[in-house]
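J.:
Number of protein chains: 2
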Amino acid sequence: MQVTPELLSAFPSLKPLPPATLARLAQESEVRKFARRGVVMTAGVREEFVCFLFEGRLQGVDFTIDGREVGLYFVEPGDFCGELGMFDHGPQPEFVIALTAVVTVFVPMESLRLVTMENPMLLKLLGQRLAARVRQLTRQRSLLGLPNISQRVCCQLWLLVSDDARQHLQSSVINNPPTHMEIAIMLNLSRETVSRVFQILQTRNIVRRDGTSLLHVSDSAALKRLADGSEEL
Amino acid sequence: MQVTPELLSAFPSLKPLPPATLARLAQESEVRKFARRGVVMTAGVREEFVCFLFEGRLQGVDFTIDGREVGLYFVEPGDFCGELGMFDHGPQPEFVIALTAVVTVFVPMESLRLVTMENPMLLKLLGQRLAARVRQLTRQRSLLGLPNISQRVCCQLWLLVSDDARQHLQSSVINNPPTHMEIAIMLNLSRETVSRVFQILQTRNIVRRDGTSLLHVSDSAALKRLADGSEEL
DNA sequence: TTAGCTGAGTGACTACAATCACATAGTAGC
DNA sequence: GCTACTATGTGATTGTAGTCACTCAGCTAA
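Keeping their order, the protein sequence lines are chains S and U. Using this note's numbering, the letters of the first sequence map in sequence onto residues 1446 to 1678. Using this note's numbering, the letters of the second sequence map in sequence onto residues 1446 to 1678.
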């Protein structure tokens, strides 16, 4: 399918590029759609594209030697993934799979590399991105160190709460929350355990579900206390 | 203490820089020594230096909210740490502590940033470094996903084995192996559990200790089988 | 030599999360 | 509306790693 420069400029990281550059990139890029559970990027393969997510939600996952799934991060619309090879030409370290039906734009890595030569700003942005990724991985790693399981779940939930709800301890809504299974995979837990923690949170009126696509966090303050360990479940 | 350009050029990443640049950097840098268990970098603080390790061994660690220590990575002589702020001016995400007495060279981040402007090569190298860090964090994360504890320990040990011993399945030696405690912290285990796994490995003549500073891996093939799960302990 | 420290080895006990095996609820497709 | 999934909820059981409480070994520094 045809990619227009307008489509590309919908992505915050590409928006600041000069129109001519966008036009050229658009020519070389392609739209790809994936069904739920589709494999967007394959681990161990030298992917030659950076994948920009237009619609839907992606997850970076890995598999342990014995086949167990390990959740690494989520990708939201407007964001991108598979950029690691931009820096070291190495293979994609983890799988990226579609959690919902998704629409993506694949931009060839080599073209993007050329663009970074002329636009140090983009290079800088990529660097910041990568740094953010390291920070996220580090935070996630320390989350896994928590010996208390419900605290782990609450911390993860807390990370999904929007920034200003976090700041002001307001009640808030998480859109398209991950399934219990997806959370379990992120936190090295079994699905049942996550389910049980949610059960307690719901009976305590701390969170409330509303269909599959909404999760109300009614009592942010309590969630925060549970997340930082000042209160036990 | 005075830093000489020669000292700086001992670091592979700085070696390719022009002598004039090295001389300038040397002027602005300083040698810092730390005792075992000394805090080299503090989490949450905007450290204004990149720390190059000359002698000894460092470990990146984090602490969970409840105070449990979480091991992230090791830094060996010639390598550096604390470079994340180079990319996003953000705070240091994790602590770096000295596992042994260490000698480091602190190079001001701002000076280094100026140098990267004139030396894209250094910038590229930093990018590769960061990419490698992401890969390492990802690998470590999937290690933590292993439900079988002894496999986890064996995998970690396997990562400590030198590359060519890994390739040719030769017996080899690990210098200054981490203590059981350090391994436990890396792998989210208790010290006792690591101890028990080592006990089994030793009675099976797969590894053998030789003082505190040497660990012989006598049966690399067996260690590999245990690491990849084709054999159970 | 002795004291003091850190690292390592080990048994007993226990808590707790995984697993299994279901039931039930929602949703999406036809 | 019916069917087929996928997601979720829940009890019973069990394995296993954490914890505690020691001992012992090795190093270093008075």
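Don't be surprised by glycine CBs; every beta carbon is placed ideally from N, CA and C.
For Asn-1564 (chain U), return the contacting residues in chain S, with the cut-off set at a CB-CB distance below 8 Å.
T.: As a first step, residue 1564 (chain U) is located in the second sequence; it is residue number 119 there, counting from the start. By Cβ distance, chain S contributes nothing, its closest Cβ being about 13 Å from Asn-1564 (chain U), past 8 Å.
J.: Please list, in chain order, the chain S residues whose beta carbon lies closer than 8 Å to that of Leu-1582 (chain U).
T.: By 1-based counting over the second sequence, the position of residue 1582 (chain U) is 137. Per Cβ cutoff of 8 Å: Val-1579, Leu-1582, Thr-1583, Arg-1586.
J.: I want to verify the contact list: residues of chain S whose CB lies under 7 Å from the CB of Leu-1589 (chain U), in sequence order.
T.: Residue mapping note: residue 1589 (chain U) aligns to position 144 of the second sequence, counting from 1. Per Cβ cutoff of 7 Å: Leu-1589, Asn-1633.
J.: How would you call Glu-1555 (chain U), buried or exposed, if buried means at least 16 neighbouring beta carbons within 10 angstroms?
T.: Your numbering for residue 1555 (chain U) matches position 110 in the second sequence. It is exposed - the Cβ of Glu-1555 (chain U) has fewer than 16 other Cβ atoms within 10 Å.
J.: Over what stretch of residues does the alpha helix (DSSP H) that includes Ala-1672 (chain U) continue unbroken?
T.: The count along the second sequence starts at 1 and reaches residue 1672 (chain U) at position 227. Here the alpha helix (DSSP H) through Ala-1672 (chain U) covers 1665-1673.
J.: Give the interface partners of Asp-1655 (chain S) over in chain U, defined as CB-CB distance under 9 Å, in chain order.
T.: Indexing the first sequence from 1 puts residue 1655 (chain S) at position 210. The premise fails here: Asp-1655 (chain S) is roughly 29 Å from chain U at the closest Cβ pair, so nothing lies under 9 Å.
J.: Find the nearest neighbour of Pro-1553 (chain U) within the set U:Gln-1615, U:Arg-1477, U:Ala-1543, U:Gln-1596, judged by alpha-carbon distance.
T.: Position 108 of the second sequence, counted from the first residue, corresponds to residue 1553 (chain U). With distances taken between Cα atoms, Pro-1553 (chain U) lies closest to U:Arg-1477.
J.: Let me confirm a value: Gly-1527 (chain S) is counted as buried when at least 16 other C-beta atoms fall within 10 Å, else exposed. Which label applies?
T.: In the first sequence, the residue the question calls residue 1527 (chain S) occupies position 82. Under this definition Gly-1527 (chain S) is a buried residue.
J.: For Phe-1494 (chain U), would you say it is in contact with chain S, using Cβ-to-Cβ distances shorter than 8 Å as the test?
T.: What you label residue 1494 (chain U) is simply residue 49 of the second sequence in a count that begins at 1. Cβ-Cβ to chain S under 8 Å: no for Phe-1494 (chain U).
J.: If you count every other CB in all the chains shown that lies within 10 Å of the CB of Ala-1667 (chain S), and 16 or more means buried, which is it?
T.: For the purposes of this step, residue 1667 (chain S) is taken as residue 222 along the first sequence, with counting starting at 1. Answer is buried; the Cβ neighbour count reaches 16.
J.: So, is the C-beta of Arg-1558 (chain U) closer than 8 Å to a C-beta in chain S?
T.: Residue numbering aside, residue 1558 (chain U) sits at position 113 when the second sequence is read from its first letter. No - not a single Cβ of chain S is within 8 Å of the one on Arg-1558 (chain U).
J.: So that I know if they touch, is there some Cβ in chain U lying closer than 8 Å to that of Arg-1594 (chain S)?
T.: Numbered from its first residue, the first sequence carries residue 1594 (chain S) at position 149. Here residue 1594 (chain S) turns out to be Ile, not Arg, going by the sequence shown. With 8 Å as the cut-off, Ile-1594 (chain S) does not count as an interface residue toward chain U.
J.: Since Glu-1539 (chain S) meets chain U, which of its residues come closer than 7 Å, beta carbon to beta carbon?
T.: Stepping through the first sequence from its first residue, residue 1539 (chain S) is reached at position 94. Simply Thr-1583.
J.: Considering only the alpha carbon of each residue, which of U:Phe-1494, U:Val-1547, U:Phe-1532, U:Phe-1508 lies closest to Val-1520 (chain U)?
T.: For the purposes of this step, residue 1520 (chain U) is identified with residue 75 of the second sequence, where counting begins at 1. Residue U:Val-1547 is the option with its Cα nearest to Val-1520 (chain U).
J.: So, does the CB of Ile-1651 (chain S) fall closer than 8 Å to a CB anywhere in chain U?
T.: Position 206 of the first sequence holds residue 1651 (chain S). No, its Cβ sits nowhere closer than 8 Å to a Cβ of chain U.
J.: Span of the beta strand (DSSP E) holding Ser-1617 (chain S)?
T.: Counted from its first residue, the first sequence places residue 1617 (chain S) at position 172. Start and end: 1617-1620.
J.: Using a Cβ distance threshold of 8 Å, determine whether the stretch 1587-1599 of chain S contacts the stretch 1656-1672 of chain S, with at least three qualifying pairs required.
T.: Verdict: yes, contact present.
J.: Consider the Cβ of Ala-1576 (chain S): report whether some Cβ of chain U lies at a distance smaller than 8 Å.
T.: Locating residue 1576 (chain S) in the first sequence gives position 131, where the first residue counts as 1. For Ala-1576 (chain S), the answer is yes, since a Cβ of chain U falls inside 8 Å of its Cβ.
J.: Between Val-1579 (chain S) and Val-1506 (chain U), how many whole angstroms is the CB-CB distance? I'm expecting something under 8 Å.
T.: As a first step, residue 1579 (chain S) is located in the first sequence; it is residue number 134 there, counting from the start. As a first step, residue 1506 (chain U) is located in the second sequence; it is residue number 61 there, counting from the start. Not quite, the Cβ-Cβ distance comes to about 15 Å (not below 8 Å), so this is no contact.
J.: Return the Cβ separation of Ala-1488 (chain S) and Pro-1538 (chain S) in integer angstroms, given the expectation that the two are a contact with Cβ distance under 8 Å.
T.: Translated into the one-based positions of the first sequence, residue 1488 (chain S) becomes position 43. Translated into the one-based positions of the first sequence, residue 1538 (chain S) becomes position 93. Contact holds; Cβ gap of about 6 Å.
J.: Would you report the Cα separation of Met-1531 (chain S) and Arg-1558 (chain S), rounded to the nearest angstrom?
T.: Your numbering for residue 1531 (chain S) matches position 86 in the first sequence. Your numbering for residue 1558 (chain S) matches position 113 in the first sequence. So the two alpha carbons sit approximately 7 Å from each other.
J.: Out of U:Gly-1535, U:Leu-1659, U:Pro-1592, U:Gln-1647, state which residue places its alpha-carbon closest to the alpha-carbon of Arg-1513 (chain S).
T.: As a first step, residue 1513 (chain S) must be located in the first sequence, where it is residue number 68. Nearest of U:Gly-1535, U:Leu-1659, U:Pro-1592, U:Gln-1647 to Arg-1513 (chain S), Cα basis: U:Pro-1592.
J.: Pull out every residue of the stretch 1497-1513 of chain S whose Cβ sits closer than 8 Å to any Cβ of chain U, in chain order.
T.: For the stretch 1497-1513 of chain S, which is checked against every Cβ of chain U, the residues closer than 8 Å are Asp-1507, Phe-1508, Thr-1509, Ile-1510, Asp-1511, Arg-1513.
J.: Rounded to whole angstroms, what is the Cα-Cα separation between Val-1550 (chain S) and Ile-1542 (chain S)?
T.: Here residue 1550 (chain S) refers to the residue found at position 105 of the first sequence. Here residue 1542 (chain S) refers to the residue found at position 97 of the first sequence. Their Cα atoms are separated by approximately 15 Å.
J.: Do Ala-1576 (chain S) and Asp-1533 (chain U) have their beta-carbon atoms positioned less than 8 Å apart in this structure?
T.: Position 88 of the second sequence, counting from 1, holds the residue named residue 1533 (chain U). Position 131 of the first sequence, counting from 1, holds the residue named residue 1576 (chain S). The answer is yes: Cβ separation under 8 Å.
J.: Can you check whether the C-beta of Val-1515 (chain U) is within less than 8 Å of a C-beta belonging to chain S?
T.: Here residue 1515 (chain U) corresponds to residue number 70 of the second sequence, with the count starting at 1. Yes, because at least one Cβ of chain S sits closer than 8 Å to the Cβ of Val-1515 (chain U).
J.: Have a look at S:Val-1662, S:Met-1486, S:Val-1515 and flag the residue whose alpha-carbon is nearest the alpha-carbon of Ser-1635 (chain S).
T.: Taking the first residue of the first sequence as position 1, residue 1635 (chain S) is located at position 190. Per the Cα distances, S:Val-1515.
J.: Measure the C-alpha to C-alpha separation of Leu-1503 (chain U) and Tyr-1518 (chain U) and round it to an integer number of angstroms.
T.: If you number the second sequence from 1, residue 1503 (chain U) lands on position 58. If you number the second sequence from 1, residue 1518 (chain U) lands on position 73. Cα to Cα, Leu-1503 (chain U) sits roughly 8 Å from Tyr-1518 (chain U).
J.: Does the beta carbon of Leu-1529 (chain U) sit closer than 8 Å to a beta carbon anywhere in chain S?
T.: On the second sequence, position 84 is the one that residue 1529 (chain U) refers to. It does; some Cβ of chain S falls within 8 Å.
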